[in-house]
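So the sequence shown is numbered by this note's numbering: it starts at 1 and just counts up by one. For glycine and all other residues, C-beta sits at the position ideal for the given N, C-alpha and C. What follows is a single structure, written as structure tokens, with notes after it.
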Amino acid sequence: MKVFMKKFMAMTLAMTLLAGFAPYSFADEINASETGSKIEAVGSNDGSEEKTGVMEIKLGMAKFDQDGNVSQYVDDEEDEMSYETRLDSSYAKTNTNISYLYGSDRYETSVQVSKASYPNGADAVVLVNSSNAIYGLIATPFASLNKAPILLTSAKSIKPSVLDEIIRLNPKKVYMIGDTSHISKGISNAIKANTGAEMARIFGTYPSDLSAAVAEKINASRRVNTAYVVSTEYGVADALSISSRAGSTMAPVLVASKNYVGNGVYNYLKSSASNVYYIGGQNSISNSLINNISAVVRNGGQANRIYGSDRYQTNVNVINRFYKSSDINSLIVTKAENSGLIDTVSAGPFATLKSCPILITHRNKLVSASQKFLNSVQGDTIYQIGGGISSSVTSLIKSNFQSAAISTQTQTKPQTQPQTPSKPQSQTQTSTSDTNISSKGIRGKTIVIDPGHGGSDSGAVGLNGYKEKDWTLKTALACADYLTKAGANVIMTRKNDTYPTLQDRVDISNNSKAVFFCSIHYNKGGAVVNADTGELSGTGVEVYTGEGSLSQNTASKVLNSILAKFDMKNRGVKDGTHLYVIANTEAPAILVEGGFMSNSYDVNKLKSDQSLRDMGIQIAKGIVAGFN
1 MKVFMKKFMA MTLAMTLLAG FAPYSFADEI NASETGSKIE AVGSNDGSEE KTGVMEIKLG
61 MAKFDQDGNV SQYVDDEEDE MSYETRLDSS YAKTNTNISY LYGSDRYETS VQVSKASYPN
121 GADAVVLVNS SNAIYGLIAT PFASLNKAPI LLTSAKSIKP SVLDEIIRLN PKKVYMIGDT
181 SHISKGISNA IKANTGAEMA RIFGTYPSDL SAAVAEKINA SRRVNTAYVV STEYGVADAL
241 SISSRAGSTM APVLVASKNY VGNGVYNYLK SSASNVYYIG GQNSISNSLI NNISAVVRNG
301 GQANRIYGSD RYQTNVNVIN RFYKSSDINS LIVTKAENSG LIDTVSAGPF ATLKSCPILI
361 THRNKLVSAS QKFLNSVQGD TIYQIGGGIS SSVTSLIKSN FQSAAISTQT QTKPQTQPQT
421 PSKPQSQTQT STSDTNISSK GIRGKTIVID PGHGGSDSGA VGLNGYKEKD WTLKTALACA
481 DYLTKAGANV IMTRKNDTYP TLQDRVDISN NSKAVFFCSI HYNKGGAVVN ADTGELSGTG
541 VEVYTGEGSL SQNTASKVLN SILAKFDMKN RGVKDGTHLY VIANTEAPAI LVEGGFMSNS
601 YDVNKLKSDQ SLRDMGIQIA KGIVAGFN
């Protein structure tokens, strides 16, 4: 009984809220757009919200276990949301490769995801109204930028377990998404009183205004030139599909109507975006709207629309666009029905931490698009966020996801020596020669060459202890030398064994106003060929490309140029828009994987200093050809 009373009194104190009509102080108010959206730092000069008016106690109904812990909480203002309190209890959580992150309701789900994401606390928390799923999804890249979980609250009361989680996280700052009609001043005061955290708001009159405000807030911390546009027509499901990608790139999710974007969104796109992707078909975002945006954005045309016949096909197409199948080792699964999407708001930041996509599914069936996708990837860990997915669907997802790995392993027979790749056909070889390397196409152009890794980051470590950072530097120096002789103005992200961050590399390119960016790497991977030596089966050359004709054309030229000199497997030109340096450089960009350091065939072709120099020269020849 003593434990019970102690818990009850503590919770009652924590839930003491101020009346909604108390006067309010706006400090450090910043206009984020012409539509009235604002970024508001809440508080008086001493960091505390003004406290005047009548104090009220808001507890709702709480049930306790025998130890005095809250086991259930029902907000009497939110009876219409009770559908989320009834989860599918028929499924026994016995699968060892599935991690379940959900609770008795949406609030508890957000708490469980927060605990899994930040077991040791977090410097920031993002708080979202539980009836505004689109707000939470708009906030995802901002939360990822600040390494913050997303927690849910109602407008006028905060659930004790959510407040307890904020206290556990011990944040320095709590961001409230929405104005005081979405999250009251009283909630802000309660959090401030219990944590001492600085309280701040990001809000706008409409979801479009809010998305512009969040975008401006992100842009104030770091420059991001990519944006994802979703529609108010079907925006929540589409925003959930893109939320993992948006979080990993920390690029904003902007809200539009079918035929119109607000001034705030339009102004942000015009001033800050170079690459814009549209999530949804013509019923969501019209062709005319895309054409209007593409008139002010360098890479924002119809080719950047990603959609499908329904939300599930759109979801799969988003994943396929931005994730390499070979990189998908884990997967987040959530329910996609409109009534359950709020339960998955917290999935985006978690997906960012786990570097994996979000697969949305129907509650009671695995649609064909999802099944086809699962059969194309391989992995071992599934995170289910939010409840309400039937046991049969979860079992199908698990079996398909893991059987793909099994079938792939079965099909890939380790060989003591990979098959000798056939030489490329003569018509695919570049005609550029050493005697004609200077041309009007390349002369005077600023080109950035980026040797991958460096310093403390060795990159891949291959056979015989070869380090990727050493190979990339030797290759890049030769590439830069050739381009310089061809007349280009070449800037390197590093010239010795140092480590510029990915953002450093992006900044070097963007600040130099480069017209082309090329990152140079070497690969590692495949099935085990020789356990004693560490040899793997992966072999060959591939080039990743960004959007636009110059990137794509030059990528093909570079690949063909390499294959004209090196008798290696052609792994093709691949979509590289998921790669950080490609996604965030303003210049057209490619990333070259010059071969596999973990395979003896490729290593024997590349291990000499002369071979690495030749690789750099061939890359340079391809770039020259791309500008001709």
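Quick one: what's residue i bridged to in DSSP?
i, result
"Tyr544", "Lys574 and Leu591"
"Val236", "None; Val236 has no bridge partner."
"His521", "Glu593"
"Leu254", "Val229"
"Ile399", "Looking at the sequence provided, one finds Ser at residue 399 rather than Ile. Bridge partners of Ser399: none, in fact."
"Tyr307", "Paired residues: none, contrary to the question."
"Asn489", "Thr446"
"Glu535", "Asn530"
"Lys335", "Thr361"
"Gly454", "Asp457"
"Asn299", "Asn275"
Quick check on this structure: which residue in the options has the alpha carbon closest to the alpha carbon of residue i?
i, options, result
"Thr475", "Phe350, Ala220, Asp609 and Ser154", "Asp609"
"Lys217", "Ala197, Val253, Asn189 and Ala239", "Val253"
"Ser104", "Asp470, Leu536, Ser549 and Asp343", "Asp343"
"Thr109", "Gly387, Phe142, Ala531 and Lys372", "Gly387"
"Ser248", "Lys469, Phe322, Ile98 and Gly487", "Phe322"
"Ile191", "Leu151, Ser598 and Lys324", "Leu151"
"Ile98", "Val490, Ser286 and Phe401", "Phe401"
"Asn317", "Lys173, Gly178, Ser556 and Leu374", "Leu374"
"Ala239", "Lys621, Asn132, Asn553 and Ser117", "Asn132"
"Tyr499", "Pro451, Leu483 and Asp532", "Pro451"
"Asn628", "Ile562, Leu502, Lys445 and Val529", "Lys445"
"Ser284", "Val229, Leu366, Ser326 and Glu337", "Val229"
"Ile319", "Ser355, Asn299 and Met597", "Ser355"
"Leu331", "Tyr580, Val345, Ile397 and Tyr312", "Ile397"
"Ser390", "Thr195, Lys365 and Lys372", "Lys365"
"Asp123", "Ser130, Arg106, Pro160 and Glu165", "Glu165"
What residues in its chain sit with their C-beta under 6 Å from that of residue i, if we drop five residues either side in the sequence?
i, result
"Met176", "Leu127, Ile183 and Arg201"
"Ile158", "Ile187"
"Pro418", "Reliability of the predicted coordinates at Pro418 is poor, the pLDDT of 37 falling under 50, and the value obtained from them is presented with this limitation in mind. Closer than 6 Å at Cβ, skipping near neighbours: Thr539 and Tyr601."
"Ser257", "Thr232"
"Leu606", "Gly595"
"Cys518", "Ile449 and Ile590"
"Ser243", "Leu137, Thr140 and Gly348"
"Gln552", "Thr545"
Cutting at 7 Å between CB atoms, please list the residues of its own chain near residue i, excluding the five before and the five after it.
i, result
"Lys565", "Asp614 and Gln618"
"Ser211", "Ile138, Pro252, Val253, Leu254, Val255 and Val265"
"Asn496", "none"
"Lys467", "Ser458, Gly459 and Val461"
"Asn219", "Ser272"
"Gly280", "Val230, Ser231, Tyr234, Asp238, Tyr307 and Thr314"
Could you spell out the range, first to last residue, of the beta strand (DSSP E) harbouring residue i?
i, result
"Ser99", "Ile98 to Leu101"
"Asp450", "Thr446 to Pro451"
"Tyr278", "Asn275 to Ile279"
"Met568", "It is not in any beta strand (DSSP E) - Met568 carries neither H nor E in the DSSP assignment."
"Asn530", "Val528 to Asn530"
Hey, could you find the ends of the alpha helix (DSSP H) residue i is sitting in?
i, result
"Gln313", "Arg311 to Phe322"
"Lys485", "Glu468 to Lys485"
"Ile442", "Unbroken run through Ile442: none, as it is neither H nor E."
"Asn287", "Asn287 to Ser294"
"Ser272", "Asn263 to Ser272"
"Lys621", "Asp609 to Phe627"
"Asn510", "Leu502 to Asn511"
"Val461", "Unbroken run through Val461: none, as it is neither H nor E."
"Lys605", "Ser600 to Leu606"
"Asn629", "Because the chain here runs from 1 to 628, residue 629 falls outside it and cannot be looked at."
"Val581", "Tyr580 to Asn584"
Less than 8 Å between C-beta atoms, sequence neighbours within five positions excluded: which residues of the same chain meet that for residue i?
i, result
"Ser181", "Ala155"
"Val297", "Leu269, Lys270, Ala273, Ser274, Asn275 and Val276"
"Leu536", "Lys524, Gly525, Gly526, Ala527, Val528, Val529, Phe596, Ser598 and Asn599"
"Ala405", "With a pLDDT of 41 at Ala405, under the threshold of 50, the predicted position of this residue should be treated as unreliable, and no value is reported."
"Val515", "Lys445, Thr446, Ile447, Ala587 and Pro588"
"Leu612", "Trp471, Lys474, Thr475, Ala478 and Leu606"
"Thr226", "Thr249, Ala251, Ala273, Ser274, Asn275, Val276, Tyr277, Ala583 and Asn584"
"Arg311", "Tyr234, Ala237, Asp238, Ser241, Ala336 and Ile360"
Any alpha helix (DSSP H) of 4 or more consecutive residues that is wholly inside the region 105–168: 106–117 and 133–145
Sequence ranges, beta strand (DSSP E) only - wholly within the region 166–237, length at least 3: 173–177, 198–203 and 226–231
Segments of 3+ residues assigned as beta strand (DSSP E) that fall wholly inside the region 341–384: 358–361
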